[in-house]
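In this note's numbering, the protein residues as written are 61 to 432. Backbone N, C-alpha and C define an ideal beta-carbon position, used for all residues, glycine too. Keep in mind it's a predicted model, so treat the numbers as computed, not measured. Scroll down for the structure; my scribbles are underneath it.
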Ligand SMILES: Cc1ncc(COP(=O)(O)O)c(C=O)c1O
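See the structure below:
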C-alpha cells in the first residue's frame, strides 16, 4: 500500500544538508551586508563566529577557531600544506574523502615517509598500528561510507606528532575528544545546515607551536598562510579573515549557532541526530532486505546513514528516483564512488518525525521496484 503521510521536509541530502526547522532566510541579521568585512561591525561579527563556536563546542583553553576559505577542503588542505613534512605521516582512510587526503599527501606534497592505512567501505582500518610519533591524518566520520570513529581512546594524550582530523560531518553531531585532536576542520553546510563557501579550522596549542617552529619547503599560496614572520597570525582566529568572506553566509552561520543554542546546545544537537539514527535502526532491524553499510554497530554514523539493499545497482537508482519523484526524499543516492545504496542524512537539522515518515515509503518503493 502506498503510504499517505509524507515527510514534511524531504531534504535528506548529505551536503548541503537540510536547513534547520523553522529556517527563514528573511529573518537573518543582515546589517553586515554591503559593508566592508574589515569595518568594526564586520570584524566584530566575524569575531563572534569564532568566539561563539569555541564557547558552544567547549573547546579547551588555548584552542583557536578561524574562518578560512574554500569550505572543509580549504581548511584541511591549509593544515596539510602548513604543518606536514616536519616528520613522518600516518594517514587513515576508509572512504572517498579520506582517500582524497592520501592523494594530497602522496601525489601533491609527495611526502615519502608516509604510511597509508586503508579499509574498504563499511570498515575502519586497524587503529592499533598507528604510530603517534608521526603526524596522523584521518576523517572522523566517513561521509560516503557512513562509518565513524567511535571514540578517541586510541589516541594517546602524550603523542609527539599532531592529529589532523577532518570532522566535517561530525562536529555538532558527535562528541569530539578535543584534547586528543590538534587540528579539526568542518564546514557550515553539514550538521548545521548552513551555507558552503567557508571552512572552520580549529587548532590546538601544539598545532600553533608547529606553525611557529616549522616552515615547509614548498611554496605557500596566500590563502594558506597562517604565520607572519614566524608567528601565528592571530587575527585570522579573531575575525580578521585572510581574504573576503561572504557576510551573507556568515549571517546564516550565526543563525544556525543561535538555533543550536535555542534547542539546548551541542548535546541537544547530538541527541537529535542520534534519534534520527534510532529511527533508521528500527527500520533496518525489521526488514531483512536493508542493512547498514557500516559493519560494526559502534561505527554506524548518526549523520551520513549509509544503507545497502538486496537489489541491483540499477534498481537502487530507480528506488532513489521514485522517492524523489514522489517528493518524499531528495538526494539520497549513495555517493558516486561508494557502493550502490541509499544515504540518509541524520544530522541535527533533520526531524526524527520526517525520518519516520520516510521509512514506509522506502518499503513501498522497494516493493514497487524489486518485488513487483
Ligand atoms: C569527510 C568529508 N571531507 C571533506 C568534504 C568536502 O567538503 P567541502 O565541500 O565542504 O569542502 C566532505 C563533503 O562532503 C566530507 O564529507
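- Residue 199 has its alpha-carbon roughly 10 Å from the corresponding atom of residue 245.
- In the DSSP annotation of this structure, residue 232 is not part of any alpha helix (DSSP H), being labelled neither H nor E.
- When the alpha-carbon of residue 427 is set against those of 363, 349 and 412, the nearest one is in 349.
- A Cβ-Cβ distance of about 10 Å is found for the pair residue 377 and residue 401, leaving them out of contact under the 8 Å criterion.
- Remark: C-beta atoms of residue 146 and residue 274 approach each other more closely than 8 Å.
- Beyond the five residues adjoining it in sequence on each side, residue 126 comes within less than 6 Å, by CB distance, of 261, 296 and 297 in the same chain, given in chain order.
- Cβ atoms of residue 67 and residue 417 come within 8 Å of each other, at about 4 Å.
- If the five residues before and after residue 130 are omitted, its C-beta is found closer than 7 Å to the C-beta atoms of 259, all from its own chain and listed in chain order.
- Relative to residue 307, the option among 76, 90, 148 and 77 whose CA is nearest is 90.
- Taking the Cα of residue 304 as reference, the smallest distance to any Cα among 403, 97 and 78 is reached at 97.
- Around the C-beta of residue 79, 16 or more other C-beta atoms lie within 10 Å, and the residue is accordingly described as buried.
- Contact check for residue 211 against residue 363 fails: the beta carbons are separated by 8 Å or more.
- The alpha carbon of residue 357 has as its nearest neighbour, out of 293, 288, 375 and 337, the alpha carbon of 337.
- Residue 366 and residue 206 do touch by the CB rule: their CB atoms are close to 3 Å apart, below 8 Å.
- In the DSSP assignment, residue 315 falls within the unbroken alpha helix (DSSP H) covering 307-323.
- Excluding sequence positions up to five before and after residue 264, its CB lies within less than 6 Å of the CB of 123 and 242, all in the same chain and listed in chain order.
- Fewer than three pairs of CB atoms, one per stretch, sit closer than 8 Å, so the segment 282-294 makes no contact with the segment 102-110.
- Buried is the label assigned to residue 155, since at least 16 other Cβ atoms lie within 10 Å of its Cβ.
- Taking 8 Å as the cut-off, the beta carbon of residue 321 is found closer than this to the beta carbon of residue 116.
- For residue 65, same chain residues with a beta-carbon under 6 Å away, outside a window of 5 residues either side, are 417 in chain order.
- For residue 229, the CB falls within less than 7 Å of some heavy atom of ligand 1.
- Judged by beta-carbon spacing, residue 333 lies beyond the 8 Å limit of residue 221, meaning their Cβ atoms are not closer than that value.
- Between the alpha carbons of residue 75 and residue 61 lies a distance of about 31 Å.
- The segment 217-232 makes no contact with the segment 170-178, as fewer than three CB pairs between them are under 8 Å.
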